[in-house]
Amino acid sequence: MAQNDGQRLNQEAADWLARLHREEFSSAARAQLDRWLDADPAREVAFARAEYAWERAERLRAAPTAVQAPARGGRSWWRTAAVFAFVALGGVLGYQAWLANHYATGVGEQRTIALEDGSEISLNTDSRAEVSFNARQRTVRLLHGEALFKVEHDAARPFVVEAAGTAVRALGTAFNVRLRSEVVEVTVTEGAVAVDHDRIDAGSAAVVAAGAVSAVVLPEDVLRRRVAWREGAIELKGETLEQAVEEFNRYRKARLIVADPAIAAIRVGGRFETGEAAKFVNAVKENFPVRSVEQEDGTVYLFGIGAGAVADDSGTSQ
Amino acid sequence: MQDRAARQSWFKAVILPHEPALRRLVRRMAATPDVDVDDIVAEALLRAFTVTDFARIDRGRTFLFTIARNLLTDIARRRAVVPFEVMASLDELETADTHPSAEAVVSARDELHRLQRVVEGLPPQCRRVFSLRRIEELSLAEIAGELGLSVSTVEKHLAKAMGLLTRAMAEDSPVVAAIKVVKWRRTTDKG
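Residue numbers (this note's numbering), protein chains in the order written: chain U, 82 to 399; chain P, 178 to 368.
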């Protein structure tokens, strides 16, 4: 691809993006864009670059003068004054807030991010979120994984978390959102949220699947277990071994695998640290007829005792 | 279509922030006339974008630079005669992903300056349209009313601004690039 082709594609993508801005709510325009993108992945890359540049340019809203529109009367003046105030008061901290609006955690990592409005996002393992605040709304897109939100009150700007097409609007102060493969799980610990049009109060949870919202009131211990990760813990009470293993795997690269269907439905309980799968495995072996085989790469297979010989040279049976 | 949205979000969050650094490095290494820097960067981005299991990749710099390294190795191999300096530079691409907060602050500042310079350099009407859309967040119809233009003209100005912004975002700071090119020439003179 010659340099001219690259520049042409660059401009074509920009043309499409501008068109989307003109036809803001048109699903027909979006559909036509999708067809254009379908034809060539290079177009998808070009369009992503155009969107990325546009999104990064939002930082200019907090940057001084030369970029501001010429004074158009009251509205622009107020906005400019507010922007200067923000920059002056914000200082280094304000600047830091603009640096990254994408946040991500690796496997086994947890991170708490202080947002410029005083709200807080705690990201659990292997999670990704995109923060974009403007004058009208505070939006966080949860792209992957799980996060706990502590929301500062701001009457002028609703705080909205978008996850897999579902919008969770904060009406109060603290809630957890977990993106599972098929569903979005919202747990409210303080205050309330609105999921689409349903209000979910503290002590309740909502599961959103295929656009349908089901709400349920949670017993206190279940509530506590849903947010135990925030303390670095996994709390189990009656989950199957299969489910428990899935939880621990979120925090590790080398997986635990229940290799024997006979033990998969064993119910387990207890409180463990998220990084302490080994302790969990030992606890299971102490209490149930289970043995484990660990591979060199750290993968751990769990079998029932008496499940037959394992013809395996590469691991050590315990 | 949800997969497309997820892939694009991942690409923007994890890969694209490293395009300027990649371009800078490829430019430094591929100082020979027959290699097109933009082509290499575009090909590397394309390969990164189309990876099958993108959700597992969270260290974008390492991933992107590895792809570029393989691309450049292929090119060097095809030429049969590989300059020693090029091989040494290829090893440089194997940098581990660190969390260099100081570097992040500097490059974020650079990015802001680049954005500002591009906007300041826009033709006046184009710049007005950009500001009214990006900063004041008026609709294109409102902008058209404000400036006395047709909506389609506003759209064209916006597209032009977006194209220039996209190009600027992908570049590193020109001053730094110039210094590095000089260094490269000196090395080959000595040899």
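The C-beta atom is built at its ideal place from N, Cα and C for all residues, glycine as well.
Taking 7 Å as the threshold (C-beta atoms), are residue j and residue i in contact?
i	j	result
U:Arg103	P:Leu317	yes
U:Thr254	U:Gly226	no
U:Phe329	U:Ile347	no
U:Val126	P:Phe240	no
U:Ser213	U:Arg311	no
U:Leu229	U:Asn257	yes
P:Val212	P:Arg204	no
U:Ala110	P:Gln185	no
U:Val297	U:Val274	no
P:Leu193	P:Ile217	no
U:Arg352	U:Glu316	yes
U:Val264	U:Val288	yes
P:Ile312	U:Arg219	no
U:Val362	U:Ile344	no
P:Ala345	P:Val295	yes
U:Ala358	U:Leu337	yes
U:Ala335	U:Gly387	no
P:Ala245	P:Ala221	yes
U:Val232	U:Ala251	yes
U:Asp341	U:Gly284	no
P:Leu315	P:Leu324	no
P:Leu299	P:Ala338	yes
U:Val349	U:Ala325	yes
Would you verify that the beta carbon of residue i is, or is not, closer than 7 Å to some beta carbon of chain P?
i	result
U:His234	no
U:Pro122	yes
U:Gln92	yes
U:Gly272	no
U:Ala185	yes
U:Val371	no
U:Ala133	Rather than Ala, the amino acid found at residue 133 of chain U in this sequence is Tyr. Yes, because at least one Cβ of chain P sits closer than 7 Å to the Cβ of U:Tyr133.
U:Arg192	no
U:Val288	no
U:Arg331	no
U:Gly292	no
U:Val381	no
U:Val126	yes
U:Arg130	yes
U:Arg140	yes
U:Asp378	no
U:Asp96	yes
U:Gly284	no
Among the options, whose alpha-carbon lies nearest the alpha-carbon of residue i?
i	options	result
U:Ala291	U:Ala244, U:Ala314, U:Val297, U:Gln376	U:Ala244
U:Ala286	U:Arg331, U:Ala293, U:Arg192, U:Thr270	U:Thr270
U:Gly199	U:Arg333, U:His183, U:Asp235, U:Leu383	U:Asp235
U:Arg192	U:Phe106, U:Ser262, U:Gly313, U:Arg219	U:Gly313
U:Thr186	U:Ala110, U:Arg331, U:Asp86	U:Arg331
P:Phe307	U:Ala138, U:Asn91, U:Thr321	U:Ala138
U:Asp277	U:Leu260, U:Ala283, U:Val221, U:Ser295	U:Ser295
U:Phe240	U:Leu196, U:Glu266, U:Asn205	U:Leu196
P:Val191	U:Ser208, U:Glu320, U:Asp378	U:Ser208
P:Ala233	U:Gly350, U:Arg142, U:Asp341, U:Thr206	Rather than Ala, the amino acid found at residue 233 of chain P in this sequence is Arg. Taking only the C-alpha atoms, the option nearest P:Arg233 is U:Thr206.
P:Arg238	P:Asp230, P:Arg344, P:Phe188, P:Arg286	P:Phe188
P:Arg224	P:Glu319, P:Ile252, P:Arg254, P:Thr243	P:Thr243
U:Leu223	U:Asn182, U:Arg89, U:Glu211	U:Glu211
P:Leu289	P:Glu348, P:Phe231, P:Pro301	P:Glu348
U:Arg261	U:Tyr382, U:Glu301, U:Asp279, U:Glu327	U:Glu327
U:Glu375	U:Val339, U:Arg307, U:Thr355	U:Val339
U:Arg238	U:Ala216, U:Thr247, U:Gly246, U:Val221	U:Ala216
Chain U beta carbons: is any one of them nearer than 7 Å to that of residue i?
i	result
P:Arg223	For the sequence presented, residue 223 of chain P should be read as Leu rather than Arg. With 7 Å as the cut-off, P:Leu223 counts as an interface residue toward chain U.
P:Val212	no
P:Gly340	yes
P:Leu193	yes
P:Ile312	yes
P:Leu249	no
P:Thr229	no
P:Ala190	yes
P:Met206	no
P:Ala219	yes
P:Ala336	yes
P:Glu332	yes
P:Thr343	yes
P:Ser327	no
P:Gln302	no
P:Asp287	no
| Can you list the alpha helix (DSSP H) stretches of 4 or more residues lying completely in the segment 278-355 of chain P, in chain order? | 278-297, 301-311, 317-324, 328-347
| Pairing CB atoms from the segment 325-334 of chain P with CB atoms from the segment 194-204 of chain P, are three or more of them under 8 Å? | no
| query | When the Cβ atoms of the segment 87-102 of chain U are set against those of the segment 122-134 of chain U, are three or more pairs found closer than 8 Å? | reply | yes
| request: Give, in chain order, every unbroken run of the beta strand (DSSP E) that is at least 3 residues long and sits entirely within the segment 248-329 of chain U. | output: 255-260, 265-271, 273-276, 279-282, 285-290, 293-298, 314-321
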